[in-house]
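Just so you know, our numbering puts the end of the sequence shown at 374, numbered straight through with nothing missing.
One structure is given below, encoded as C-alpha cells.
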Amino acid sequence: MTRFGAVTIVQFEHRPGILDLGWGHPLPSLLPLGAWSGAGAETLETYGWQALTYGHPTGPAPLIDWLCAHVGDATPGQTFVTAGASHGLALLTQLLTGPGDVVLVDSPTYHLAFQILTDHGVRLVPAPADEDGLRPAETAALARSLGAVFLYLVPTFGNPTGRSLPLERRRELVSLGVPIVEDDTYRELYYGDGAPPALWHLANGHGVVRLGSFAKTVAPGLRLGWINAAPSLIDRLARLGYVHSGGGVNHSTAMTMATFGTSGAYERHVARLRDRYREHRDALTGALGVPAPDGGWFVWLRLPAGLDAEALLPRAERHGTSFVPGPAFYAGRGGGSDHVRLSFSHLAPADLIEAAGRLRAALPAE
Ligand SMILES: Cc1ncc(COP(=O)(O)O)c(C=O)c1O
C-alpha cells in the first residue's frame, strides 16, 4: 500500500499473516475502475461546467430521474441525494431527534449505526427480536411506552445476520404506526430470486424513511446514496444550512453516477457482482458447512456451546484469521457472545476457504 507521509489512502489495510473476515468491504478487483472512468469522462463531455459547479439542493435531476425509474417506487419529490447511508442516517437524526430522545434499534443490527445515532445524544434501546428478527407487536408497544422517535433496522439481507425480516412481519410492522428508518443498503445484492419488498414500498411511503447507498453496488469511496421520504421531510433536508451554503451533496460524483446508471453500466456491474459474490458466499458457507444467506455480505455464525466470541478472537488471530464478535451488534452489548460476524465480500473464494480452515482450527477440539 502506498504511504503518503504519516497517513495512508484507505480505511483498512490487511495485517500481515491475517485473512480478515471482519471487514465488510468490497474485493478491490470488483470495483468498476474502467466503467467509472468512462462515465466520468462522458459526464464532463455531456454536461460541461454543470457537472463541476454547486448542485441542486436535493440532488441533480439526471441522477434523481434515473434513480426513481430504477427503484420504481419513489418520486423525485420523495428523493434526496446523500453522501451514503451513514450520512442519510446522520441527517435524519440531526433533523428528527434531540439529546436524550429514544431511538429503537433492531437487535442485532449494523453496529456502526450506533455511534451515528449517539453522536447526536440519542439514547438507544434494543427492539425485541427473536431468531426470525424483529417482533413487530412488542416493538410497537415499546416504542409507544418510551415515546421513541423512530426505529432503525436493516430488514433486507441484514448486517450482521444476512437474514431478511419475514414478509408477514414486514406487513405487521408497517401497519403498527411506528416511525421507521429502513436501511436498505444490501437490497440489490441478492443471490437467489430477488429481495423481499421494502418496508418503504409496503407502507407506500407513509411512516417509513428509506436509506439507499451506492457503497456496496458501485464503490464505497463514492460516498453516495439517497433518502426516500415524505416530500415535507425532503423539503426540510433541502433547506438545511449546509445544503443552502454548499448546494446538493456530492454533486460531481452524483452526476457521474447518473451517467453510470443511464448508460446501463450500473445494471451490468451489479449483475456481475451478484455472480461473483454468490461464489464468495458459497466458498465460505461451504467450507464452514453452514446455511447460505440469500443476499448481502455476511454470515452470522453461531459458535459451539460454551464458546465466547470475544475470547475466541485472539485465538483466531493467532491462527491467522479474524472476525467481528457478536456483542458489537447489540446496543448496550446485551447479547451476541455466542455469535461472530464473518464477511465474505473482501476476500477471494480461495482465501475465504483458507480463512474458514483457520477459524475451524482455532475452535477447541470437540
Ligand atoms: C447496514 C449498513 N448501512 C450502512 C452502511 C454504510 O453505508 P455508506 O457507506 O453508504 O455510508 C453499511 C456498510 O457497512 C451497512 O452495512
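Virtual Cβ for every residue (Gly too), placed ideally from N, Cα, C.
Here Y160 carries a strand assignment [DSSP, helix/strand/coil].
Note that the C-beta distance between G233 and G96 is below 8 angstroms.
Within the same chain, Cβ atoms closer than 6 angstroms to the Cβ of Y118 are found at V162, N167, the five residues on either side in sequence being excluded.
Under the criterion of beta carbons closer than 8 angstroms, A295 and L360 qualify as touching, at roughly 7 angstroms. Under DSSP, N236 takes part in a beta bridge, and its partners are T87, R218. At a Cβ-Cβ threshold of 8 angstroms, P34 and H288 do not count as neighbours.
A direct Cα-Cα distance of roughly 43 angstroms separates D114 from Y55.
Per DSSP, the unbroken alpha helix (DSSP H) holding V79 starts and ends at 69–79. For R310, there is no enclosing alpha helix (DSSP H); the residue is part of the beta strand (DSSP E) that begins and ends at 306–310.
Cβ atoms of T51 and T225 stay farther apart than 8 angstroms, at about 18 angstroms.
Under DSSP, the beta-bridge partners assigned to H347 are R310. Taking a contact as a CB-CB distance under 8 angstroms, the pair L99 and T90 counts as one, their CB atoms being some 7 angstroms apart. Taking a contact to require three or more Cβ pairs closer than 8 angstroms, the region 82–89 and the region 250–263 qualify as touching. Here the alpha carbons of T264 and A237 stand approximately 24 angstroms from one another. The straight-line gap separating the alpha-carbon atoms of A149 and R177 is approximately 15 angstroms.
Under the three-state reduction of DSSP, R244 is assigned to helix.
At a cut-off of 7 angstroms, the beta-carbon of D191 counts as near ligand 1: some heavy atom of the ligand is closer than that. Residue G42 holds the alpha-carbon nearest to the alpha-carbon of A273 among E21, L60, I17, G42.
Per the C-alpha coordinates, the member of P335, H78, A291, H347 positioned closest to L315 is H347. Relative to ligand 1, Y160 has its C-beta separated by 7 angstroms or more from all heavy atoms.
Its chain contains G328, T329, L355, D359, E362, A363, R366 as the residues whose beta carbon lies nearer than 7 angstroms to that of L27, once the 5 sequence neighbours on both sides are disregarded; these appear in chain order. P134 sits close to Y338, with the two beta carbons spaced by under 8 angstroms. DSSP assignment within the region 84–127 yields the following whole beta strand (DSSP E) runs of 3 residues or more, N-terminal first: 87–90, 110–113.
The DSSP-derived three-state label of L150 is helix. Cα atoms of G200 and V111: separation of roughly 33 angstroms, rounded to the nearest angstrom.
Distances from the CB of G233 to the heavy atoms of ligand 1 include at least one below 7 angstroms. In the three-state DSSP reduction, S172 falls in the coil class, being neither helix nor strand. A Cβ-Cβ distance of about 6 angstroms is found for the pair G304 and L197, placing them in contact under the 8 angstroms criterion.
For S172, the shortest separation between its Cβ and any heavy atom of ligand 1 does not lie below 7 angstroms. Remark: the C-beta of G85 is outside contact range of ligand 1, defined as less than 7 angstroms to any heavy atom.
Assignment of beta-bridge partners to P333 by DSSP yields V348.
Where D191 is concerned, the enclosing beta strand (DSSP E) starts and stops at 188–191.
When C-alpha distances from G215 are compared across G202, P228, V186, the shortest belongs to V186. Exclusion of G229 from the 7 angstroms shell around ligand 1 follows from its C-beta lying no nearer than that to any non-hydrogen atom of the ligand. Within 7 angstroms of the C-beta of A93 there is at least one heavy atom belonging to ligand 1. A223 sits close to G92, with the two beta carbons spaced by under 8 angstroms.
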